[in-house]
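**Student:** Pasting a structure below so you can have a look.
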Amino acid sequence: MKKISALLLLLHSLLFFSQINVEEIKKNATENPQKYFYDYLEMFKKDPSKLTQEEMNQLYYGSRFVKLDYNLSVYSNQSKEIWTPASKRSISKSKAQKIVSKAEETYARYPLDKEILRGLSNIYNALDDKTKSELSDRQYHAIENTVKNSGTGNSADSPICVIWAGDVIKRIDDLRGYGTVRDFKQEIKILPDGSMLTMYSMGSKQIFVKLVGGMRLD
């Protein structure tokens with residue numbers, strides 16, 4: 001009975017979680033970025049539902065290997081003026097009107113940042129532009145689902161895959177209720193494909209997170 005249960009669990013994981021082949025994604029993104037990144041990006045900007053999960057994997061994780069005019073300092077430098085107000089669903093129409101142009105300029109530089117997408121959705125909603133607000137929301141959830149479907153996070157063979165170091169650290173919150181600070185453990189391993197695998201544990205709970213492409217130097 002235990003063997004049957006284990007087999008069913010394995011089949012469930014294979015059906016609902018896609019293994020992220022970093023080497024193949026990197027090869028596609030670096031050797032043919034037009035096809036495997038920019039064409040997919042244009043589809044994502046117009047209608048993310050037109051992309052298959054495999055194409056979303058290639059787009060999102062492939063962005064790690066394409067040189068873009070964006071890094072987290074751009075978001076951080078604009079945080080007080082744009083993204084902190086935009087993070088609130090209650091943002092006023094007058095405030096939205098003041099920051100929408102700069103927000104759109106940042107989106108044009110990097111349309112795959114979840115916080116930018118969530119902020120834009122709130123800005124457009126405040127401006128009564130439901131079409132753009134809903135598109136930003138769909139783009140946000142397409143990325144959320146891509147990360148969610150990347151792995152169970154329960155083992156080194158099926159880690160949750162992210163592209164920003166901050167998203168690795170956020171997974172510590174998933175350990176709440178499983179122990180105390182004294183129980184917390186962390187192990188880091190650099191993988192052959194250059195990615196960084198982090199294992200967090202607290203009590204009986206373990207979470208495996210893979211930073212695709214490793215730490216950024218830009």
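Its first residue numbered 1, the sequence shown is counted upward by one per residue in my numbering.
Using N, Cα and C, we set each Cβ at its ideal position, and we do this for glycine too.
With which residues is L197 paired in a DSSP beta bridge?
**Tutor:** K189, K210
**Student:** Mind reading off the beta-carbon distance from F208 to L197? Whole number of angstroms is fine, and I expect it under 8 Å.
**Tutor:** 7 Å
**Student:** Give me, in chain order, the residues of the same chain whose beta-carbon lies closer than 6 Å to that of K86; leave out the 5 immediate sequence neighbours on both sides.
**Tutor:** Looking at the sequence itself, residue 86 is Ala, so the reference to Lys does not match. Within the same chain, and ignoring the five residues on either side of A86 in sequence, the residues whose Cβ sits closer than 6 Å to its Cβ are G119, N122, I123.
**Student:** Kindly confirm or deny that the segment 91-106 and the segment 125-134 touch, where touching means at least three C-beta pairs closer than 8 Å.
**Tutor:** yes
**Student:** Look at the alpha carbon of K205 and the alpha carbon of M199, and state the distance between them as a whole number of angstroms.
**Tutor:** Taking the straight line from one Cα to the other gives about 10 Å.
**Student:** Hey, which unbroken runs of the alpha helix (DSSP H) at 4 residues or more fall wholly within the segment 12-65?
**Tutor:** 22-31, 39-46, 53-62
**Student:** Kindly list the residues whose CB is nearer than 8 Å to the CB of E144, restricted to its own chain and excluding five residues on each side of it in sequence; keep chain order.
**Tutor:** K114
**Student:** I believe M43 touches K50 by the beta-carbon criterion, under 8 Å. Please report the beta-carbon distance rounded to the nearest angstrom.
**Tutor:** Approximately 5 Å separates the beta-carbon atoms of M43 and K50; this is inside 8 Å, confirming the contact.
**Student:** State whether the segment 161-177 contacts the segment 51-67, with contact taken as three or more CB pairs (one from each stretch) at a distance under 8 Å.
**Tutor:** yes
**Student:** Assign T146 to one of two classes, buried (16 or more other C-beta atoms within 10 Å of its C-beta) or exposed (fewer than that).
**Tutor:** buried
**Student:** Smallest Cα separation from I190: which of K210, V181, G179?
**Tutor:** K210
**Student:** So what's I160 in DSSP terms, helix, strand or just coil?
**Tutor:** strand
**Student:** Please state the DSSP three-state secondary structure of K205.
**Tutor:** Correct three-state label for K205: strand.
**Student:** Going by beta carbon distance, what residues of the same chain come within less than 7 Å of G194, once the five residues before and after it are set aside?
**Tutor:** G213, G214
**Student:** Assuming A142 and M56 form a contact by the criterion Cβ under 8 Å, report the distance between their Cβ atoms to the nearest whole angstrom.
**Tutor:** 6 Å
**Student:** According to DSSP, simplified to helix, strand and coil, what is I91?
**Tutor:** Reduced to three states, the DSSP call for I91 is coil.
**Student:** Locate the alpha helix (DSSP H) running through D167, then write down its first and last residues.
**Tutor:** 165-170
**Student:** Can you determine whether any heavy atom of the ligand COA sits closer than 7 Å to the C-beta of G153, and answer yes or no?
**Tutor:** The model depicted lacks the ligand COA and carries no ligand whatsoever.
**Student:** Between which two residues does the alpha helix (DSSP H) carrying T131 extend?
**Tutor:** 130-148
**Student:** For R216 and G153, what's the separation of their Cα atoms in angstroms?
**Tutor:** 22 Å
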